[in-house]
Each structure stands twice: as C-alpha cells, then as structure tokens.
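K.L.:
Handing you a structure now.
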Amino acid sequence: MKTILEKPREIPVYKEVDVLVAGGGYAGFAAAMAAARNGAKAMIIEQQSALGGLVTLGYVALTFSYVEGIGLELFANLKK
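This is the structure in structure tokens:
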C-alpha cells in the first residue's frame with residue numbers, strides 16, 4: 207500500500223469530550239444522548255443549521271411513530 211507523509215501541524219483543541227458525534231440527525235442525537243446519560247461528556251457537530259437531519263431539514267415525512275425512548279423525546283422536542 208502506498209502512503210504519504212504529512213508535515214506535523216498544530217491544531218487548536220476546541221473542547222475535550224469523551225464522545226464526539228458527527229451528525230445531528232436522529233441516530234447522532236440518540237448516540238449523544240445515550241452517551242451523556244451513561245456519564246460521558248458528549249458533543250454533536252452538525253454542518254446544518256438545526257438538529258434532526260432529513261426530518262427537519264429535508265422535509266421528509268415520518269412514516270412511523272415512537273412509543274417510548276430517545277426517538278420519542280427527540281421528536282417531541284423537534285416539534286417545539
């Protein structure tokens with residue numbers, strides 16, 4: 207396998223966390239919530255202007271309903 211060697215560089219640390227979640231859609235939100243509820247310092251990074259992924263930003267209709275759990279909590283808060 208070919209490789210390349212990059213020159214070392216300094217990158218500032220914005221925040222130290224135990225769990226960094228890339229993407230604030232339903233799965234990312236649930237992952238961060240579960241990690242935080244288990245004692246981890248969690249942070250979500252999201253490139254869009256809101257959490258919820260396609261449900262909030264892509265105008266995708268939900269074709270299922272949540273009975274309980276983090277999904278129901280997220281859905282209830284996104285409606286606000």
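Start counting the sequence shown at 207; every next residue gets the next number (this note's numbering).
Every residue, glycine too, gets a C-beta built ideally from N, C-alpha and C.
Note that the structure is a prediction, hence the values are computed from the model and not measured.
1. Taking the Cβ atom as the reference point for each residue, do L280 and Y232 lie within a distance shorter than 8 angstroms?
2. Could you check which residue in I251, A242, M249, A246 has the C-alpha nearest to that of I276?
3. Does DSSP put I251 in a helix, in a strand, or in coil?
4. Here's a check: name, in chain order, each residue in its chain whose Cβ is nearer than 8 angstroms to the Cβ of K247, leaving out the five neighbours to either side.
5. Decide if V227 is buried, meaning its Cβ has at least 16 other Cβ atoms within 10 Å, or exposed.
6. For A238 versus I250, is the C-beta spacing smaller than 8 angstroms?
P.N.:
The relevant details are as follows:
1. Translated into positions along the sequence shown, residue 280 becomes position 74. Translated into positions along the sequence shown, residue 232 becomes position 26. Going by C-beta atoms, L280 is nearer than 8 angstroms to Y232.
2. In the sequence shown, counting from the first residue as 1, residue 276 sits at position 70. Cα-wise, what sits closest to I276 is A242.
3. Along the sequence shown, read from residue 1 onward, the residue named residue 251 stands at position 45. It is a strand residue.
4. On the sequence shown, position 41 is the one that residue 247 refers to. Spatial neighbours of K247 in its own chain (CB-CB distance under 8 angstroms, excluding positions within 5 residues in sequence) are listed in chain order as E222, V223, D224, V225.
5. Numbered from its first residue, the sequence shown carries residue 227 at position 21. Buried: at least 16 other Cβ atoms inside 10 Å.
6. Mapped onto the sequence shown, residue 238 falls at position 32. Mapped onto the sequence shown, residue 250 falls at position 44. Contact flag set, yes.
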